[in-house]
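J.: Here you go, one structure.
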Amino acid sequence: GVKSNNTIEISVYNAPPWWLRIETIVGYVILLIGFVSFFVKYREKKTKERMEGERKSAELEEAKELQNSLLPKVLPQIEGFDISTYLKPATEIGGDYYDFFYKKGEYFYAICGDATGHGVISGIMVSVTKAGLHGVPMGDPTKILGQLNRIVKRVNFGRLRMSLSVAKFNKSAVELSSAAMPPTYFFSSKSKKVEEVLVPNLPLGGIETEKFDGVKKEFKSGDVMVMISDGLPELPNPTNDLLDYEKVQKCIKDNAEKSADEIKEALVYLSDEWASGVMNPDDITIVVIKKAA
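605 is the number of the first residue of the sequence shown in my numbering; add one for each residue after it.
Given below as structure tokens:
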């Protein structure tokens with residue numbers, strides 16, 4: 605054959621592995637930027653959620669303190685009466701309220717109320733109501749509610765309202781008037797029956813010229829009066845069934861010949877058993893007054 609003197613140069617290129625190629629590195633950078641951006645947004649979201657949670661917790665604590673400050677520090681010791689009370693706040697503090705006004709030899713009033721709404725605003729509504737109770741003359745419960753209604757209306761809480769029951773006790777009777785509160789229960793030691801008394805009036809803060817009706821009941825030795833907020837009969841269980849008023853009335857009847865504290869504890873036990881660990885969506889208030897023997 606013929607021998608050629610031409611030389612051929614062959615260049616051999618050793619390509620880097622795929623993970624070191626430029627396009628791969630660019631991809632790494634893009635992914636890193638995306639991850640950093642996602643992480644920053646995630647942190648911002650969590651920070652906002654934490655701050656919102658802290659704000660709500662602070663508001664909840666403030667509402668709790670306000671609610672507690674409006675309740676009696678101690679129950680009045682009144683000759684001839686056995687008194688017991690209970691208030692269980694909801695997860696979002698409601699506007700439940702109870703109080704007593706007593707001047708020896710002159711008057712004894714029991715109050716149970718529920719402001720619409722939750723949180724601090726409902727506490728302000730209760731504050732106005734409590735201040736009004738201290739300012740109006742202590743007379744007929746219907747007149748007290750009429751005066752309070754005008755006060756609450758003039759403060760102008762918008763659509764917020766205050767439900768309130770006022771009971772005035774004397775030696776052998778009780779006068780009751782109510783502004784959109786649940787029924788009040790009366791146990792007669794003579795008949796051994798529990799009567800459900802509903803006074804159909806509008807809540808405070810609605811119509812300024814509203815006239816409030818009332819009732820008068822005998823209240824003798826061994827008789828019992830129980831005032832409640834709607835958080836008790838409307839308490840849901842795990843299947844979302846409500847406790848209802850019939851069970852409340854039966855519990856009162858079954859325990860009416862016990863002390864006021866034992867009657868209250870029976871109602872608390874009833875509510876705890878019914879809820880079975882479910883948090884109460886509304887405040888639960890119970891006021892038990894028994895005429896001593």
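Ideal placement from N, C-alpha and C gives every residue a C-beta, glycine not left out. In this text the structure is predicted, and so the values were computed from the model without any measurement.
So, MET742 versus VAL778, is the Cβ gap smaller than 9 Å?
T.: No, these two residues do not count as a Cβ contact at 9 Å.
J.: For ILE682 versus PHE712, is the C-beta distance shorter than 9 Å?
T.: In this structure, PHE712 lies closer than 9 Å to ILE682 by Cβ.
J.: Going by C-alpha to C-alpha distance, which of SER793, PRO804 and ILE893 sits closest to THR746?
T.: Considering only alpha carbons, the answer is PRO804.
J.: If LYS734 and LEU674 are in contact, beta carbons under 8 Å, what's the gap, nearest whole angstrom?
T.: Correct: roughly 6 Å between the Cβ atoms.
J.: When the Cα of SER792 is compared with those of HIS722, ALA719, LYS857 and PRO786, which residue comes out closest?
T.: The residue with the shortest Cα to Cα distance from SER792 is LYS857.
J.: Would the beta-carbon of ASN841 fall within 9 Å of that of VAL892?
T.: Their beta carbons are not under 9 Å apart, which means ASN841 does not touch VAL892 by this criterion.
J.: Please confirm if the stretch 753-772 is in contact with the stretch 807-814, defined as three or more CB-CB distances below 8 Å between the two stretches.
T.: They touch, by the three-pair rule.
J.: Taking C-alpha atoms, which residue in CYS855, ILE748 and ALA897 lies nearest to ILE890?
T.: Nearest C-alpha to ILE890: CYS855.
J.: Determine the contact status of ILE867 and LYS894, defining contact as a CB-CB distance below 9 Å.
T.: In this structure, LYS894 lies closer than 9 Å to ILE867 by Cβ.
J.: With a threshold of 16 other CB atoms inside 10 Å of the CB of ALA896, please say whether the residue is buried or exposed.
T.: So ALA896 ends up on the exposed side.
J.: Taking the straight line between their C-alpha atoms, what separation do you get for SER869 and TYR702?
T.: It is worth fixing the name first, because residue 869 is Glu in this sequence and not Ser. Distance between the alpha carbons of GLU869 and TYR702: 17 Å.
J.: Going by DSSP in three states, THR651 sits in which element: helix, strand or coil?
T.: DSSP places THR651 in helix when its eight states are reduced to three.
J.: By the three-class DSSP mapping on this structure, what secondary structure does ASP686 have?
T.: Of the three classes helix, strand and coil, the one that applies to ASP686 here is strand, per DSSP.
J.: Keeping to the same chain, check which residues put their C-beta closer than 6 Å to that of SER688; ignore five residues upstream and five downstream.
T.: The answer, listed in chain order, is ALA864, ASP865, LYS868 and VAL892.
J.: Go through the stretch 711-745 residue by residue and report every complete run of the beta strand (DSSP E) that reaches 3 residues or more, in order.
T.: Correct list: 711-719.
J.: In chain order, what residues of the same chain have a beta carbon less than 7 Å from the beta carbon of LEU806, not counting five sequence neighbours either side?
T.: Excluding residues within five positions, the ones whose Cβ falls inside 7 Å are ALA783, ALA784 and GLU814.
J.: Just verifying my parser: in three-state terms, what is the DSSP assignment at SER833?
T.: If DSSP states are grouped into helix, strand and coil, SER833 belongs with coil.
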